[in-house]
Amino acid sequence: MSRSSLSLVLGAILVLGAALPASAQTLHVDKKNGFQVVPPKGWTKVPIKVEERWIAAKWLSDKKYDDKESGFSHQPMMKVMIFDRSKIQPGGGSTDSAGGAKEQEGPKVGDKIDLTAPYLDYKDYLKRNFNEGGWFVSAEDATKMGSTPVTMIEVKVEKLTYTGKKRLLAWVFTADWGDLAIEVDSLEQSFDKLRPIILGAYKTFKLIPRDPTLAGEDPGIDVGGGIRFVDPNETAEQRKKRRQAAEEAMFKKAVSDLPSEWSSKRSANFLVLNHANPKFQEKVLAHAEAVRAWLDANFGDVGDDYVQKMIIRICKNRDEEMAFRKGSGDAFSIDSREAIVSENKDGTSQFEFEYLGQSIMRMWFHDKNADLYDAMPQWLERGLSQYIGTAVLKGGRLDFSPDTYETERIREGRRMSKFSPVRDLFQMTGKDLWSGENARYLDAQIASVFRYVYGPGRANRKLSTLIKDYITQLLAVVQENEKAARAEVKAEGAKTEEEEEEEFKKRRKQDWSAKEKEFLKQVSEKVFGGWTDGDWAGLQKGWEAFAK
């Protein structure tokens with residue numbers, strides 16, 4: 117592997133380091149992770165995801181660089197990654213008080229088996245996270261900065277990248293407890309311009325002693341994938357306490373990790389983290405509380421569980437939002453309830469509110485009744501998310517009028533005869549909805565039917581509570597099927613390993629679309645069993661008149 121380019125870089129740092137441009141930024145000191153660095157001038161600190169375990173800090177360049185070949189622009193980002201050996205080999209070499217190997221205890225309620233494979237080092241992290249094109253290590257050199265071992269790595273991205281060829285420069289500092297890697301990504305065309313800026317920051321990077329009171333995972337935050345053992349007899353009140361504890365832990369970490377330019381604000385149901393205009397923050401918060409109030413009023417009795425409060429993160433623009441979203445592949449948590457939006461002045465702000473409303477809806481149903489959320493058919497989930505997503509807050513009330521896209525699809529669909537009978541919509545599987553050429557028209561039709569049912573259709577007694585009645589019967593069928601399944605398992609008795617393997621193979625070959633159809637048929641018989649052809653004709657006629 118070639119070492120020449122990095123050797124030249126190293127020489128520049130060691131011999132001419134004093135001539136490199138000094139940054140006017142403030143020194144960033146991270147006592148928890150044991151490093152300090154002065155980021156480049158004109159680079160903005162980006163928050164880290166609450167669930168992030170590997171990235172310790174990020175800065176985004178305020179300047180965009182254009183790629184002449186692809187036509188795309190790029191904002192370089194500098195980030196510091198931590199590879200703590202205690203995370204890579206958790207519990208390795210544990211012994212008891214007598215010096216022998218600790219006896220492994222069986223899992224208890226509250227324990228978790230982490231199924232995510234930790235990143236071994238910087239190269240392993242790159243291999244499993246970088247997805248912006250085909251890359252290869254073009255140069256690598258090992259040296260020392262003072263007494264600290266440093267590996268200098270250069271990566272080139274030249275294939276399968278439609279946004280332009282790129283280069284990454286990373287220095288990996290080895291501490292006694294693990295590695296710290298500082299990395300900057302750049303367009304290949306602008307790398308020579310950025311090189312002095314990058315090296316100017318890198319020469320300020322220094323390892324410092326870690327504060328033992330800050331080290332380790334944040335308590336109460338369950339991150340990454342895995343299996344968590346819960347009490348099968350856990351009550352709604354116990355789940356509430358567990359969720360409230362997770363909620364407070366997430367909120368506390370989110371606020372403590374905020375850059376100084378950001379602000380935080382608590383409301384009845386949300387924690388808002390804001391880097392945008394304060395007026396935009398108030399607009400977002402008012403909209404979020406209105407959506408939450410609508411869900412509580414219309415579906416508050418579909419379950420007994422506590423709905424966890426959410427984080428709403430407002431970035432100053434879409435570039436900052438995209439930089440925030442870039443994180444490690446295992447940076448997620450089953451306890452996370454966060455929606456990310458940005459303030460945009462290009463006429464697309466309504467899409468931010470659509471995403472916000474839909475996120476609140478999905479997390480609300482997930483918490484209120486997990487069985488309902490898991491069993492909700494595609495047409496029902498899509499209808500509700502479209503209805504809520506396009507809502508606009510006017511005079512303190514939500515206006516559920518369709519957006520321009522839906523209006524255009526309805527107009528086109530009617531002209532081209534792309535719609536299905538309303539009666540058929542209520543028994544459509546996800547495959548029925550999305551696999552055909554009429555998918556976008558059916559999507560608009562479902563949203564329009566919801567607007568009719570919640571609007572003028574309420575005058576019809578059968579329609580006034582239709583969606584709520586459907587959800588009630590949906591839950592009844594779920595409970596009946598679960599009861600029948602438990603009885604079947606009990607009747608069959610214990611199975612051998614071979615029998616379980618054979619059953620697993622059969623399940624893999626099952627037509628789940630057919631099972632979904634049977635499930636929807638069961639629900640429809642309960643909901644619409646008393647409907648006549650005249651009732652269906654009335655619904656069809658009423659919706660068609662409404663959609664004109």
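Using our numbering, read the sequence shown as starting at 117 and increasing by one per residue.
A virtual CB, placed ideally from N, CA and C, is assigned to each residue, including glycine.
Using only the alpha-carbon positions, how far apart do residue i and residue j sit?
i, j, result
"Ile164", "Arg429", "11 Å"
"Thr545", "Ala491", "12 Å"
"Gly443", "Glu168", "7 Å"
"Asp435", "Thr279", "15 Å"
"Trp159", "Glu660", "55 Å"
"Val407", "Gln360", "21 Å"
"Gly294", "Lys239", "14 Å"
"Pro137", "Gly316", "Per-residue confidence for Pro137 stands at a pLDDT of 46, beneath the threshold of 50, marking its modelled position as unreliable; no derived number is given."
"Ser376", "Ala409", "32 Å"
"Ile583", "Lys275", "50 Å"
"Lys322", "Phe151", "6 Å"
"Tyr235", "Tyr241", "5 Å"
"Ser202", "Lys148", "14 Å"
"Arg556", "Lys432", "32 Å"
"Lys399", "Leu389", "14 Å"
"Glu304", "Phe188", "13 Å"
"Ile526", "Asp451", "38 Å"
"Gln474", "Gly499", "11 Å"
"Thr520", "Lys357", "43 Å"
"Glu185", "Phe307", "15 Å"
"Ala607", "Glu353", "33 Å"
"Asn349", "Lys224", "14 Å"
"Tyr174", "Pro156", "It is worth fixing the name first, because residue 174 is Lys in this sequence and not Tyr. The straight-line gap from Cα to Cα measures roughly 12 Å."
"Glu299", "Phe448", "22 Å"
Quick check on DSSP: helix, strand or coil for residue i?
i, result
"His391", "coil"
"Gln543", "coil"
"Lys599", "helix"
"Leu285", "strand"
"Arg453", "coil"
"Met193", "strand"
"Val538", "helix"
"Lys442", "coil"
"Lys161", "strand"
"Ser533", "coil"
"Thr290", "strand"
"Ser551", "coil"
"Glu618", "helix"
"Asp649", "helix"
On the DSSP bridge assignment, give the partners of residue i in chain order.
i, result
"Lys275", "Gly250"
"Met426", "Phe386"
"Ile198", "Leu296"
"Arg527", "Arg527 is not bridged to any residue."
"Gln152", "Val145 and Lys322"
"Ser302", "Arg283"
"Leu509", "Leu514"
"Ala258", "Thr267"
"Ala173", "Val196"
"Phe181", "Residue identity check: residue 181 is Tyr in the sequence provided, not Phe. Answer is His190."
"Ser379", "Asn390"
"Ser564", "Answer is none; Ser564 lacks a bridge partner."
"Ser580", "Its beta-bridge partners do not exist; DSSP assigns none."
With distances taken from CA atoms, which of the options is nearest residue i?
i, options, result
"Trp480", "Glu350, Ile504 and Ile171", "Ile504"
"Gln589", "Lys461, Val418, Trp647 and Trp175", "Val418"
"Ala455", "Lys356, Ile476 and Phe467", "Ile476"
"Ala413", "Asp237, Lys484 and Phe440", "Lys484"
"Leu657", "Leu549, Lys147, Pro537 and Arg382", "Note that residue 657 corresponds to Lys in the displayed sequence, not to Leu. Nearest of Leu549, Lys147, Pro537 and Arg382 to Lys657, Cα basis: Pro537."
"Ile314", "Gly573, Met193 and Leu541", "Met193"
"Thr232", "Pro312, Thr506 and Asp446", "Asp446"
"Val153", "Val162, Ile587 and Leu143", "Leu143"
"Val166", "Val288, Ser372, Ile324 and Gly416", "Ser372"
"Asp301", "Lys282, Pro312 and Val253", "Lys282"
"Thr267", "Ala610, Tyr318, Asn245 and Lys243", "Tyr318"
"Tyr570", "Gln502, Arg530 and Thr277", "Gln502"
"Leu655", "Gly609, Phe199 and Pro572", "Pro572"
"Ala507", "Ser629, Val605, Ser465 and Ala286", "Ser465"
"Lys510", "Leu387, Ala402, Glu528 and Arg311", "Ala402"
"Asn576", "His391, Ala560, Asp559 and Trp652", "Trp652"
"Phe662", "Ser564, Val196 and Leu374", "Ser564"
Can you check whether the C-beta of residue i is within less than 8 Å of a C-beta belonging to chain D?
i, result
"Ala172", "Protein chains in the displayed structure number just one, and chain D is not present."
Quiz item: For the region 363-376 against the region 410-428, are there 3 or more C-beta pairs whose distance is under 8 Å?
Solution: Contact holds: three or more Cβ-Cβ distances are below 8 Å.
Quiz prompt | Three or more C-beta pairs below 8 Å linking the region 515-530 and the region 597-617 | solution = The region 515-530 is not in contact with the region 597-617.
Practice problem: Count the C-beta pairs between the region 177-192 and the region 446-461 that are closer than 8 Å, then say yes if the count reaches three, no if not. | Solution: These segments do not touch.
Quiz item: Do three or more CB pairs link the region 369-388 to the region 539-554 at distances below 8 Å?
Solution: With the rule of 3 Cβ pairs closer than 8 Å, the region 369-388 does not count as touching the region 539-554.
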